[in-house]
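Top line first, the protein sequences correspond to chains R and D.
According to the working numbering, the first sequence holds residues 1 to 212 in order.
According to the working numbering, the second sequence holds residues 213 to 222 in order.
For every residue, glycine included, the Cβ atom is placed at its ideal position computed from N, Cα and C.
What follows is a set of notes on a single structure, which appears directly below.
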Amino acid sequence: MNIFRLLGDFSHLGAIIILLLKIWKTRSCAGVSGKSVLLYAIVFTCRYLDLFTHFVSLYNSVMKIIYLVSTYFTLFLIYRKFKATYDRNHDTFRIEFLILPSAVLALLWNHEYSVLEILWTFSIYLESVAVLPQLFMVSKTGEAETITSHYLFALGIYRFLYILNWIYRYYTENFIDWISVVAGVVQTVLYCDFFYLYITKVLKGKKLSLPA
Amino acid sequence: VTVRIEHDEL
């Protein structure tokens with residue numbers, strides 16, 4: 001464990017909690033992409049199956065369980081409890097275009113041809129693009145609430161912090177996992193445009209709105 | 213460089 005990974009894990013946790021609290025407090029999931037949350041639920045489910053087979057540490061197991069439970073609870077809030085507020089007309093990204101290529105790529109490029117390993121690899125590829133329905137929704141409506149922007153920032157910066165962690169681990173432990181690195185870089189690059197808008201607008205107290 | 217497939221990250 002190093003500082004980059006710890007900060008990454010907590011910003012990821014922060015993103016999940018911000019989203020959950022925003023929906024819970026406002027009793028509304030307007031502006032939130034249920035499809036992105038659904039993709040994250042698939043990602044965590046496929047990746048954390050190793051909870052049953054492989055113990056890393058108490059920290060690792062507890063975080064996995066928190067990520068899983070809070071993401072499924074958010075999904076329940078969006079699609080059941082507050083479904084009347086769900087903006088489904090703007091959440092129209094076709095997620096099969098993300099799921100199928102991720103599955104095919106996981107079958108082609110993985111560390112080992114086993115069920116758990118392919119599911120892990122699939123989750124890494126799917127996670128790298130899982131934000132697209134949410135970004136698509138923001139671009140379609142042309143704006144995002146400030147709290148949604150904070151959620152997206154925390155969600156994006158987490159993988160960037162992981163990249164710093166992988167560089168650190170490369171030099172200190174001689175450890176590198178190319179699948180994670182390449183997918184993590186793709187994931188971070190997808191946020192660049194958003195990061196720019198976040199820094200130039202949201203941090204200066206303005207609402208995130210896209211130029212017409 | 214050792215390429216491990218032990219997944220110890222989240």
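Query: Verify whether the separation of the beta carbon atoms of residue 78 of chain R and residue 138 of chain R is less than 8 angstroms.; Result: no
Query: Under a CB-based cut-off of 8 angstroms, is residue 60 of chain R close to chain D?; Result: yes
Query: Could you list the residues in the segment 39-73 of chain R with a C-beta less than 9 angstroms from some C-beta on chain D, going in chain order?; Result: 47, 48, 50, 54, 56, 57, 60, 63, 64, 67
Query: Is the shortest distance between the beta-carbon of residue 120 of chain R and the beta-carbons of chain D less than 8 angstroms?; Result: yes
Query: How is residue 52 of chain R classed by DSSP in three states: helix, strand or coil?; Result: coil
Query: Helix, strand or coil: which one does DSSP assign to residue 36 of chain R?; Result: helix
Query: Label residue 127 of chain R either buried or exposed according to how many other C-beta atoms from any shown protein chain fall within 10 Å of its C-beta, with 16 as the threshold for buried.; Result: buried
Query: Which term fits residue 121 of chain R, buried or exposed, when burial requires 16 or more other beta carbons within 10 angstroms of its beta carbon?; Result: buried
Query: Is the beta carbon of residue 11 of chain R sitting closer than 8 angstroms to the one on residue 161 of chain R?; Result: yes
Query: Work out the CA separation of residue 98 of chain R and residue 2 of chain R for me, nearest whole Å.; Result: 32 angstroms
Query: Take residue 124 of chain R as the anchor and find which of R:111, R:135, R:134, R:133 has the nearest alpha-carbon.; Result: R:111
Query: Report the neighbours of residue 5 of chain R on chain D: residues whose CB is nearer than 9 angstroms to its CB, in chain order.; Result: 221, 222
Query: Using DSSP's beta-bridge definition, name the partner residues of residue 209 of chain R.; Result: R:143
Query: Thinking C-alpha only, which one of R:18, R:36, R:4, R:44 is nearest residue 133 of chain R?; Result: R:36
Query: Quick one: give me the first and last residue of the alpha helix (DSSP H) that residue 180 of chain R is part of.; Result: 178-190
Query: Check whether the segment 4-23 of chain R and the segment 146-158 of chain R are in contact - that is, three or more C-beta pairs closer than 8 angstroms.; Result: yes
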